[in-house]
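Chains as they are written, first to last, in this note's numbering: chain U, 419 to 558; chain R, 419 to 558; chain D, 419 to 558; chain G, 419 to 558. To start, the structure under review is shown below, and the notes come after it.
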């Protein structure tokens, strides 16, 4: 299935839907079954030890999967996560942006499944991996 | 194993560690293997559709498990999540606080495992369930 | 919602659907939102170290959730697992049956979510916990 | 880190450890951070609808991750799964072998994390994806 939104349309739609948080994220690349998202690391996401918090990485994975699903099905803001798993494997490197690479594994009528690898910009080591299931609302 | 911190000590320590976010949370109850946390729902956590976002519920589950582990092992701020799973099952009710009930399933030397049920204050229906594994740092 | 099948009807249906494996399992108890399943531990399920294997515990959790869902919706053999998570926490005790306690957390039109705690018969310590999502086929 | 076992040594060790089940599996390929395992589909693994059961796919993912970890750390039969997640996405094709591709994401002192994609031999569509954490026993 081709893309319903291109990279610019996707970024624009995400800004409309999440005006207050999309300052933190940018869609870097988009193909028919992958999306790459940048998380601009800021002071607000730090926890003891000085790295990005787990919940902030969860939010990054979530917005990345949401972007992948929207890019395929179009502007459906009410698409929701039903299940998510995340493994935290390494401390992100201080002060570096995070890069999330999402791969679409299944796009069915009712459910989409993606996985995501997160690393610090400029590094190869995986900081976190996640898989998520999104529920797709029935067509109106 | 008895508790290393009582409810007030736990709340105080969480405020020290997360000064900016603990305005949103309050430890409601604590036993040897359960903790109940209240999330004071605010405008900053809303997403399309007007309910608490998935990442905000993930953060609630995470802080609740962290509180449970700290209550058992004492003031070890560097304890970290290694794995987390969350199922989102119902929309939270608008404008109501969320209540997270955590149960400690295992406390080993290196790992602790907990699960969490989240519901809207005053309702029975489960909004989300989560299980999390925390890594416990070796004693210095 | 009341039960579509009682305990005996459920056991009978499981034996019809899984004739070769239901020698290993028995429905011990059933309520409107819980089911208890016994796994009769046999030599075929042992792995290095002499305990029940992880995959055998996964299969126990899976059949228990399947039983819970069928008890609610009736004889729908094609109901399938879409997502499962399992944490292995302790070694089961050698030679003891395993007891799985399942709780129904959500029964929607399209998805059911349950969690399961597994322990050795006669012990309190949790051996494994699991949560599973089942897809419910549309009514014909 | 290089491999502790090559492909033939790995196959031989798995047969020693699981004599009764390794008739079903074969290590197809091994690199420093990937392993490919074939599951020879047989009548014993079918469930209603005629496809490989979920627990059989879980067992395939589990043995594949176990093989990956052993290939790195050597003959340590007591390495155990601590956490596993699996998403079932499509029905496997009837009568075809399953191919599991495992990628090592982290190999720490105490924990290893891998993910696995499973497909029917000769097809591209992903049947299931899994991620697993293995606990590595301390060196004696």
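We put the CB at the ideal spot given by N, CA and C, even for glycine.
| Item | Value |
| --- | --- |
| Exposed unless 16 or more other CB atoms sit within 10 angstroms - verdict on residue 478 of chain U | buried |
| For residue 436 of chain D and residue 577 of chain G, believed in contact at Cβ under 8 Å, the rounded distance | A question about residue 577 of chain G goes unanswered here, because the residues of chain G that appear run from 419 up to 558. |
| Near-chain R residues of the stretch 529-549 of chain U - C-beta to any C-beta below 8 Å | none |
| The stretch 498-514 of chain D touching the stretch 522-531 of chain R, judged by at least three CB pairs closer than 8 Å | yes |
| Cβ neighbour criterion (16 or more within 10 Å) applied to residue 527 of chain G | exposed |
| Separation of residue 457 of chain R from residue 430 of chain R, as counted between CA atoms | 16 Å |
| Simplified DSSP assignment, three categories, for residue 558 of chain D | Low per-residue confidence applies at residue 558 of chain D: pLDDT is 49, beneath 50, and the placement is therefore not dependable, though the value from the model is reported in the following sentence. Residue state, collapsed to three classes: coil. |
| Per-residue DSSP class, three states only, for residue 458 of chain G | coil |
| Environment of residue 501 of chain D [buried if 16+ CB atoms lie within 10 Å] | buried |
| Sequence-distant residues of the same chain with beta carbon closer than 6 Å to residue 543 of chain G, five excluded per side | 508 |
| Residue 518 of chain R and residue 428 of chain R closer than 8 Å at C-beta | no |
| Three-state secondary structure assigned by DSSP to residue 506 of chain R | strand |
| Rounded separation between residue 553 of chain U and residue 494 of chain U - CA only | 11 Å |
| Beta bridge counterpart(s) of residue 486 of chain R as assigned by DSSP | In the DSSP output, where bridge partners are listed per residue, residue 486 of chain R has none listed. |
| Endpoints, the beta strand (DSSP E) within which residue 551 of chain R is located | 544-553 |
| Distance between residue 471 of chain R and residue 546 of chain R (C-alpha atoms, nearest Å) | 11 Å |
| Beta-ladder partner(s) of residue 537 of chain G, from DSSP | G:517, G:544 |
| Backbone secondary structure at residue 433 of chain R - three-state DSSP | helix |
| Short Cβ contact (8 Å threshold) for residue 423 of chain R with residue 492 of chain R | yes |
| CB contact flag (residue 515 of chain D, residue 499 of chain D, <8 Å) | no |
| Euclidean distance between Cα positions of residue 444 of chain U and residue 453 of chain U | 11 Å |
| Chain D contact residues for residue 503 of chain G, given Cβ-Cβ distances below 9 Å | 501, 502, 503, 504 |
| Chain U contacts made by the stretch 470-488 of chain R, where a contact means CB separation under 7 Å | 472, 473, 476, 477, 480 |
| Inter-residue Cα distance where the pair is residue 432 of chain D and residue 425 of chain D | 11 Å |
| Residue 427 of chain D (DSSP reduced to helix, strand or coil) | helix |
| Residue-level contact to chain G via CB, residue 497 of chain R, 8 Å cutoff | no |
| Spatial distance of residue 538 of chain U from residue 511 of chain U (CA atoms) | 6 Å |
| Below-8 Å beta-carbon distance, residue 440 of chain D vs any chain R residue | no |
| Pairwise C-alpha distance: residue 496 of chain G and residue 469 of chain D | 11 Å |
| Spatial distance of residue 482 of chain G from residue 520 of chain G (CA atoms) | 7 Å |
| Neighbour flag for residue 452 of chain R against chain G, beta carbons, 8 Å | no |
| Close Cβ partners of residue 420 of chain U (< 8 Å) along its chain, the five nearest in sequence each way excluded | 450 |
| Bridge partners - residue 447 of chain U, DSSP secondary structure assignment | U:454 |
| Min CB distance residue 508 of chain R to chain D below 8 Å | yes |
| Per-residue contacts from residue 523 of chain R into chain D (C-beta, under 7 Å) | 507, 544, 547 |
| Backbone CA spacing between residue 446 of chain R and residue 487 of chain R [nearest angstrom] | 16 Å |
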